[in-house]
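These protein sequence lines are chains E and A, in that order. For the record, in the first sequence the residue sitting at position 265 is 265 according to the numbering used here, with numbers rising by one throughout. One gets the numbering used here by counting positions in the second sequence from 1 and adding 1000 to each. Just so it is clear, CB atoms sit at the ideal spot from N, CA and C, and this is done for glycine as well. Predicted model, so just to flag it, every value in this text is computed and none were measured. Read through the structure below, which is laid out as structure tokens, and then see the notes.
2 protein chains.
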Amino acid sequence: MKKFKNPAIEWLGNRVRILDQTRLPQKEAYLELGDYRSIASALTGLKIRGAPAIGVAGAYAVALGALKIESTAKAEFLEKLRAVIKAMADTRPTARNLFRALDRMRQVAEAGADVAEIKTALVDEAVKIHAWEMEATLEINRYGAGLIKDGFTVLTHCNTGPLATTGYGTALGVIMRAKEQGKDIKVLATETRPLLQGARLTTWELQKAGIPVTLITDSMAGYFMSKGEVDCVIVGADRIAANGDTANKIGTYTLAVLAKENNIPFYVAAPTTTIDPSLATGDEIPIEQRSQEEVTHIQGTRIAPVGIAAANPAFDVTPHRYLTAIITEKGIIRGNYGEGIKEII
Amino acid sequence: MKKFKNPAIEWLGNRVRILDQTRLPQKEAYLELGDYRSIASALTGLKIRGAPAIGVAGAYAVALGALKIESTAKAEFLEKLRAVIKAMADTRPTARNLFRALDRMRQVAEAGADVAEIKTALVDEAVKIHAWEMEATLEINRYGAGLIKDGFTVLTHCNTGPLATTGYGTALGVIMRAKEQGKDIKVLATETRPLLQGARLTTWELQKAGIPVTLITDSMAGYFMSKGEVDCVIVGADRIAANGDTANKIGTYTLAVLAKENNIPFYVAAPTTTIDPSLATGDEIPIEQRSQEEVTHIQGTRIAPVGIAAANPAFDVTPHRYLTAIITEKGIIRGNYGEGIKEII
């Protein structure tokens, strides 16, 4: 196993240290957060983002929230903890990993004998969730790397590297693993408007990994696909329904349609914690609608006239028929995604 | 005919006055340009842009270049004029209208009896080209408006309004005409990275016209199409090959693929001066590659790490099979675009 310290989030016993991703690539600024409310605010403000990382941050937030609850009576403690969990659940509606992590934390709390034991168990559980997500990305990378051939130019969207996962990355981790296997890999990274995670974070991570990357606007992906300059597309996911329909960063559906039209494989890489078997199809996945200012302004500069309305759905849903495969830590699912997901979950 | 003074470019006898489109929407700043070099620089810097407007600006540049040539011998004059025409041709390689306008100016110069007569004829010809482009947009609007039904939400890309055409606009002019006909029309405007002509110019023009517009990032078009919230897509063109393949602002191909996938009509609106019958297919259309900084920076702010390479094709080509119709000033072409173009040109 590789030695690797992921800067996205680190547990310091009574607080977490996170790399403020909104400041990248200009500045590597770290924040130490000791209470759940500041983590909630870091999540809504995208200081830490990416479905797996959101889950891990949510778990630590619950642990920190628990540590600060002064009640020693279990019932009262659990009531206060529910408010913490509710606050965390309200931060980002789409990423499945958050709700999975919060569920695990709630179950651990309910199972504990007394408050002291519960507090210790919650910290342990958050650390376990963190370790699990890291391990899962390693397996995803191992399965996925086989799909990336020597000489490939891989197109990816948004950021799915270590920063997004607290591990080795999902889609971007697959690319990095293929590169470590000695393959000659080039990446086309979409900038990913509105918040430019591709331009700011994916390029930054690829540059550190020594992988050649060319930044493009989201609107250029079709140009390169139609010219035969893309060998495959690989993206992450925020929530996958029982039938394989996949919610991911806005623009993903477009890339999947373009890939299909140009006969280019389209892969989704995500841990099984991203799968939500309770939703039959992608139509049921809640899509976060973010503020208009993220579209009318770029890094603080207004780009549209005053008074212009903007839409800002943060995610879209790619119907499973556009996918070539879903790469999970338990293996690669192809063809009948409904069956494949049932077997793997 | 409507009373309308287009601010994009105005002929002042010995100079042109242009609205610097790079300063919009923050500032309505005008520039007076008295020599062809400053117009060439305004074209490469996108202070004036849009295929029809590029053609008109190119024609005025040649007229201004001619007025400043001191030679009175026709042969010497023509040699110097050729250098002016060459400089203008080198500004923007894709927009067909520029080359059509420069050809007309060259022919007028060669046909003139003496230098004094040629100079007058060149000014007249530039004014005629300007008037022609304006009239052509009126006809395009008339033909196109019939395709936009009451209650439609129309998605458009880049800027194709008055600013882009020196007239009433091509695609955006069609939308505005439909609105004038009393139809209830809403517009989804893509921001159009990298240079944000949609966010800066299209919204500005629609706001002035009182047409409800929602700004979206380029990556959101697929989301709204797949949700059934787009009734048709209408865009302009920079060059159309003999078979109907259409070069337009980068991202257009993607919108056409998405429209086809979602059974949404996809219209191109352009004057016949945009059609280049000398090119059999879109593969032959030269695509302008612009500077990396337009992608790595937004309005002067760096968004990517130092040292990251970016691609910046300014246009892409939409194969004719994705088009529902091409709307020209001579009528609407559907089905066999090769035949339709042959008949109309």
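Legend entry - Where A/R1321 falls: helix, strand or coil (DSSP): If DSSP states are grouped into helix, strand and coil, A/R1321 belongs with the helices.
Legend entry - Interface partners of A/Q1207 on chain E, CB under 8 Å: Listed by position along chain E, the residues whose Cβ is nearer than 8 Å to that of A/Q1207 are P305, G307, I308.
Legend entry - E/L350 and E/A57 closer than 7 Å at C-beta: The structure shown does not extend to residue 350 of chain E, since chain E is modelled only from 1 to 345, so the question has no answer here.
Legend entry - Residues that E/Y30 bridges to, as DSSP identifies them: DSSP lists E/L19 as partners of E/Y30.
Inset, instruction - Tell whether a beta-carbon distance below 7 Å holds between A/K1183 and A/I1211. - result: Result no, Cβ atoms of A/K1183 and A/I1211 do not sit closer than 7 Å.
Inset, instruction - Indicate whether at least one CB of chain A lies closer than 7 Å to the CB of E/A218. - result: Note that residue 218 of chain E corresponds to Asp in the displayed sequence, not to Ala. Among the CB atoms of chain A, one or more fall inside 7 Å of the CB of E/D218.
Inset, instruction - Locate the alpha helix (DSSP H) running through E/V174, then write down its first and last residues. - result: The continuous alpha helix (DSSP H) containing E/V174 extends over residues 171-180.
Legend entry - Residues near A/G1034 by beta carbon distance below 6 Å, same chain, minus five either side: When the five nearest sequence neighbours on each side are left out, the beta carbons in the same chain lying within less than 6 Å of the beta carbon of A/G1034 are those of R1015, in order along the chain.
Inset, instruction - Note down, in chain order, all residues in the stretch 1256-1267 of chain A with a beta-carbon under 7 Å from any beta-carbon belonging to chain E. - result: For the stretch 1256-1267 of chain A, the beta-carbon criterion of a distance under 7 Å to any beta-carbon of chain E is satisfied by V1257, L1258, E1261.
Legend entry - Where E/M1 sits in the DSSP three-state scheme: Only weak support exists for where E/M1 lies, its pLDDT of 40 falling under 50; the value from the coordinates is given anyway. Coil at E/M1, not helix or strand.
Inset, instruction - Taking E/A311 as the query, report the chain A residues whose CB atoms sit under 7 Å from its CB, ordered along the chain. - result: Result: T1214, I1216, M1220.
Inset, instruction - For the beta strand (DSSP E) containing A/N1248, list its first residue and its last residue. - result: Counting along the chain, A/N1248 sits inside the beta strand (DSSP E) bounded by residues 1246-1249.
Legend entry - Where E/F350 sits in the DSSP three-state scheme: The structure shown does not extend to residue 350 of chain E, since chain E spans only 1 to 345, so no value can be given for it.
Inset, instruction - Less than 8 Å between the CB atoms is what I'm expecting for A/G1167 and A/A1136, so what's the real figure, rounded? - result: That belief holds up - the Cβ atoms of A/G1167 and A/A1136 are roughly 7 Å apart, short of 8 Å.
Legend entry - Length at least 3, wholly inside the stretch 1201-1244 of chain A: the beta strand (DSSP E) runs in chain order: Within the stretch 1201-1244 of chain A, the complete beta strand (DSSP E) runs of at least 3 residues are 1213-1216, 1232-1235, 1239-1241.
Legend entry - Proximity below 7 Å, CB of E/L98 to CB of E/G55: With a cutoff of 7 Å on beta-carbon distance, E/L98 and E/G55 are scored as near each other.
Inset, instruction - List the residues of chain E that A/T1296 touches, going by C-beta distances under 8 Å, in chain order. - result: Ordered by position in chain E, the residues that pass the 8 Å Cβ test against A/T1296 are A199, L215.
Legend entry - Within 7 Å, strictly: CB atoms of E/A269 and E/I332: No; because the gap between Cβ atoms is not below 7 Å, this pair is not in contact.
Inset, instruction - Please go through the same chain and pick out, in chain order, the residues whose beta-carbon is closer than 7 Å to the beta-carbon of E/E139, but skip the five residues on each side of it. - result: Non-local C-beta neighbours of E/E139 in its own chain, meaning closer than 7 Å and more than five positions away in sequence, comprise E329, ordered along the chain.
Legend entry - Min CB distance A/Q1299 to chain E below 7 Å: Cβ-Cβ to chain E under 7 Å: yes for A/Q1299.
Inset, instruction - Measure from the alpha carbon of A/V1187 to the alpha carbon of each residue in A/A1087, A/M1225, A/R1193, then state which is nearest. - result: With distances taken between Cα atoms, A/V1187 lies closest to A/M1225.
Inset, instruction - Report buried or exposed for A/K1005, applying the criterion of at least 16 other Cβ atoms within 10 angstroms of its Cβ. - result: Exposed is the call here.
Legend entry - Cβ pair A/A1242, A/V1317 closer than 7 Å: No.
Legend entry - Cβ-Cβ distance between E/I118 and E/A109 below 7 Å: Taking C-beta atoms as the reference points, E/I118 and E/A109 count as a pair closer than 7 Å.
Legend entry - Secondary structure, alpha helix (DSSP H): runs of 4+ residues fully inside the stretch 261-296 of chain E: Counting whole runs of 4 or more residues, the stretch 261-296 of chain E contains the alpha helix (DSSP H) stretches 293-296.
Inset, instruction - Along the beta strand (DSSP E) that carries E/I332, what are the first and last residues, could you check? - result: Run containing E/I332: 331-333, per the beta strand (DSSP E) assignment.
Inset, instruction - Might you give, ordered along the chain, the residues of its own chain that have their beta carbon closer than 7 Å to the beta carbon of E/Q181, omitting 5 neighbours on each side? - result: Only A145 meet the Cβ criterion.
Inset, instruction - State yes or no: is the C-beta of E/A8 within less than 7 Å of the C-beta of E/A53? - result: Against a cut-off of 7 Å, the Cβ pair of E/A53 and E/A8 comes out as a contact.
Inset, instruction - Measure the beta-carbon distance from A/L1196 to A/G1244 and round it to whole angstroms, keeping in mind my assumption that it falls under 8 Å. - result: Actually they are not in contact, since the Cβ atoms of A/L1196 and A/G1244 sit about 29 Å apart, beyond 8 Å.
Legend entry - Environment of A/Q1289 [buried if 16+ CB atoms lie within 10 Å]: Its Cβ having fewer than 16 others within 10 Å, A/Q1289 is exposed.
Inset, instruction - Count the other CB atoms, across all protein chains shown, that sit within 10 Å of the CB of A/P1025; report buried if there are 16 or more and exposed otherwise. - result: Counting of Cβ neighbours within 10 angstroms places A/P1025 among the buried residues, the total reaching 16 or more.
Inset, instruction - Report yes or no: is there a C-beta of chain C within less than 7 Å of the C-beta of A/D1316? - result: Included in the structure are the protein chains E and A, with no chain C among them.
Inset, instruction - Determine the chain A residues that contact E/Y223 at a beta-carbon separation under 7 Å, and present them in chain order. - result: From the beta-carbon of E/Y223, the residues of chain A found nearer than 7 Å are I1250, Y1253, P1313, D1316.
Legend entry - Proximal residues, the stretch 1318-1343 of chain A versus chain E, C-beta separation under 7 Å: Result list empty, no residue passes.
Inset, instruction - Would you verify that the beta carbon of E/L279 is, or is not, closer than 7 Å to some beta carbon of chain A? - result: It does not; no Cβ of chain A falls within 7 Å.
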